[in-house]
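Asker: Position in the sequence shown (first residue = 1) + 1 = this note's numbering. Glycine included, every Cβ here is placed at the ideal spot set by N, Cα and C. Note that the coordinates shown come from a computational prediction; the quantities given were computed from them, not determined experimentally.
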Amino acid sequence: MRTFMHGAAVWDVACPRQPSQVAGLTMAGFRVRDLDALRMVPHPAVTLLLEFGPGAPVLDCAGGRQQRGSIVAGPGFGSGGAVRARGENVECVQVRLSPVIARAVLGASPADLDGAVVSLGDLWGREASRIREQLGEVPSWQGRFALTDALLARRYEVGARVDPEVAWAWHRIVRSRGMTRVDGLAAEVGWSRKRLWSRFRSQLGLPPKRAVRLVRFDHAAHRLVAGGSAAEVAAETGYADQSHLHRDVMTFTGATPATVADEPFLAVDDLAWPSRHGTTAWTSKATANGSRRRVPGSRPRTGRAG
Numbered sequence: 002m003r004t005f006m007h008g009a010a011v012w013d014v015a016c017p018r019q020p021s022q023v024a025g026l027t028m029a030g031f032r033v034r035d036l037d038a039l040r041m042v043p044h045p046a047v048t049l050l051l052e053f054g055p056g057a058p059v060l061d062c063a064g065g066r067q068q069r070g071s072i073v074a075g076p077g078f079g080s081g082g083a084v085r086a087r088g089e090n091v092e093c094v095q096v097r098l099s100p101v102i103a104r105a106v107l108g109a110s111p112a113d114l115d116g117a118v119v120s121l122g123d124l125w126g127r128e129a130s131r132i133r134e135q136l137g138e139v140p141s142w143q144g145r146f147a148l149t150d151a152l153l154a155r156r157y158e159v160g161a162r163v164d165p166e167v168a169w170a171w172h173r174i175v176r177s178r179g180m181t182r183v184d185g186l187a188a189e190v191g192w193s194r195k196r197l198w199s200r201f202r203s204q205l206g207l208p209p210k211r212a213v214r215l216v217r218f219d220h221a222a223h224r225l226v227a228g229g230s231a232a233e234v235a236a237e238t239g240y241a242d243q244s245h246l247h248r249d250v251m252t253f254t255g256a257t258p259a260t261v262a263d264e265p266f267l268a269v270d271d272l273a274w275p276s277r278h279g280t281t282a283w284t285s286k287a288t289a290n291g292s293r294r295r296v297p298g299s300r301p302r303t304g305r306a307g
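1) Around the Cβ of G126, are there at least 16 other Cβ atoms within 10 angstroms (buried) or fewer (exposed)?
2) Pop quiz: S230 and S110 are said to be a contact at Cβ under 8 Å. What is the actual Cβ separation, rounded to whole angstroms?
3) Quick one: grab the DSSP three-state call for M180.
4) Suppose you measure from the CA of E264 to the CA of P209; what does that come to, to the nearest Å?
5) Roughly how many angstroms separate the alpha carbons of M6 and R34, rounded to a whole number?
6) In chain order, what residues of the same chain lie with their CB nearer than 7 Å to the CB of H245, ignoring the 5 residues before and after it?
7) Starting from M28 and walking both ways along the beta strand (DSSP E), at which residues does that stretch end?
8) In whole angstroms, what separates the C-alpha of V226 from that of F201?
9) R40: buried (16+ other C-beta within 10 angstroms of its C-beta) or exposed?
10) Let me check one thing: in DSSP terms, what residues is L49 bridge-paired to?
11) Expressed to the nearest angstrom, what Euclidean distance is found between the alpha-carbon atoms of R294 and N90?
12) For T181, which residues of its own chain have a beta-carbon under 7 Å away from its beta-carbon, when the five flanking residues on both sides are left out?
13) Among E92, F266 and L272, which one has its Cα closest to the Cα of F78?
14) Report yes if the CB atom of G179 is closer than 8 Å to the CB atom of S99, and no otherwise.
15) Go through its chain and collect everything with a Cβ distance to L22's Cβ below 7 Å, but skip five positions before and after it.
16) Quick one: what does DSSP say V167 is sitting in, helix, strand or coil?
17) Could you pull out every residue in the same chain whose Cβ sits closer than 6 Å to the Cβ of G56, ignoring the five residues on either side in sequence?
18) Run through DSSP, which three-state label would H7 get?
19) With which residues is L60 paired in a DSSP beta bridge?
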């Protein structure tokens with residue numbers, strides 16, 4: 002376990018020594034004595050937060066709504082900067098799921114989350130309480146990661162897969178870092194635009210155009226954290242100009258690029274998610290049903306992954 006220090010934020014962070022059994026699933030462990038109004042910054046993954054410590058995290062959402070304890074949040078959760086996390090003596094395993102595998106793991110489509118957050122207890126019932134107890138009984142972080150991975154891998158094996166065409170379109174968007182022209186995706190998979198848009202939204206939880214914006218924003222936000230100027234980042238990440246970047250950052254976070262560049266939620270990624278620049282938390286090398294990877298630009302066959 003390593004210590005993350007960023008301004009007033011001091012967190013203990015643990016990472017698994019082994020990759021997950023499931024491509025598109027990554028984890029990190031956090032121990033935070035005093036979590037003080039952390040802005041939740043949207044990213045292109047489904048978030049599963051499994052808490053087990055003496056203190057439960059609290060999410061303050063728009064309209065005064067709160068969520069406590071273990072939660073599930075859809076891709077883009079926190080848009081507008083309206084969600085803050087806080088708590089004392091928080092211990093948790095945070096899981097990031099590619100939207101392509103989220104339906105199988107969760108037993109529900111990310112579309113059911115609608116970019117919001119729900120209690121894990123509401124989704125999994127008593128199983129959520131059992132997981133909390135089991136994590137609390139394991140004495141090491143590597144043991145907790147192994148327990149979590151085994152549980153989620155079992156759920157994935159029996160869960161429903163997304164259409165391979167939908168998975169391919171998602172991977173194309175992610176590999177391009179949000180600089181893919183969405184109008185061409187349907188033609189590339191051999192579907193009508195209406196069919197792809199409908200299936201993409203119902204299975205992954207957001208329409209292709211928003212997926213492109215979210216993936217591009219995430220890449221730009223991390224470039225800002227790495228020290229790039231707004232002008233440089235806008236040019237590198239496909240924005241028309243600096244004003245375009247500013248508008249997108251404000252839409253997703255409710256803050257300026259300069260403020261976002263100093264967000265602990267983003268700055269911790271290099272420590273908590275060291276693989277994000279390789280195989281990221283929201284894509285995978287496999288297609289949705291575990292078959293061999295499709296070569297980008299090839300036309301998939303209906304009903305098959307290859």
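Answerer: This is what the structure holds:
1) For this step, residue 126 is matched to residue 125 along the sequence shown. That one is exposed.
2) If you number the sequence shown from 1, residue 230 lands on position 229. If you number the sequence shown from 1, residue 110 lands on position 109. Rounded, the Cβ-Cβ distance is 39 Å, inconsistent with contact.
3) Your numbering for residue 180 matches position 179 in the sequence shown. M180 falls in the coil class under three-state DSSP.
4) What you label residue 264 is simply residue 263 of the sequence shown in a count that begins at 1. What you label residue 209 is simply residue 208 of the sequence shown in a count that begins at 1. Spanning the two alpha carbons is a distance of roughly 27 Å.
5) As a working note, residue 6 is residue 5 in the sequence shown. As a working note, residue 34 is residue 33 in the sequence shown. Distance between the alpha carbons of M6 and R34: 13 Å.
6) The residue given as residue 245 occupies position 244 in the sequence shown. Closer than 7 Å at Cβ, skipping near neighbours: A235.
7) Taking the sequence shown and counting its residues from 1, one reaches residue 28 at position 27. From DSSP, the beta strand (DSSP E) with M28 extends over L26 to R40.
8) For the purposes of this step, residue 226 is taken as residue 225 along the sequence shown, with counting starting at 1. For the purposes of this step, residue 201 is taken as residue 200 along the sequence shown, with counting starting at 1. Approximately 30 Å, taken between the alpha carbons.
9) Within the sequence shown, residue 40 is the residue found at index 39, counting from 1. R40 is buried by the Cβ-count criterion.
10) Start at 1 with the first residue of the sequence shown, and residue 49 comes out as number 48. V73 and V96, per the DSSP bridge assignment.
11) Here residue 294 refers to the residue found at position 293 when the sequence shown is read from its first residue. Here residue 90 refers to the residue found at position 89 when the sequence shown is read from its first residue. Its pLDDT being 33, under 50, R294 is placed unreliably by the model, and nothing is read from it.
12) As a first step, residue 181 is located in the sequence shown; it is residue number 180 there, counting from the start. These residues qualify, in order along the chain: R173, I174 and V213.
13) Counted from its first residue, the sequence shown places residue 78 at position 77. The option with the nearest alpha carbon to F78 is F266.
14) Indexing the sequence shown from 1 puts residue 179 at position 178. Indexing the sequence shown from 1 puts residue 99 at position 98. No, Cβ-Cβ distance for G179 and S99 is not below 8 Å.
15) Translated into positions along the sequence shown, residue 22 becomes position 21. The sequence given here places Gln at residue 22; Leu does not occur at that position. Excluding sequence neighbours, Q22 sits near D150 and A154.
16) As a first step, residue 167 must be located in the sequence shown, where it is residue number 166. Reduced to three states, the DSSP call for V167 is helix.
17) Numbered from its first residue, the sequence shown carries residue 56 at position 55. If we look at G56 and ignore the five residues flanking it on each side, its Cβ neighbours are G88, E89, N90 and V91.
18) Within the sequence shown, the letter at position 6 stands for residue 7. Of the three classes helix, strand and coil, the one that applies to H7 here is strand, per DSSP.
19) Within the sequence shown, residue 60 is the residue found at index 59, counting from 1. Partner(s): Q68 and A86.
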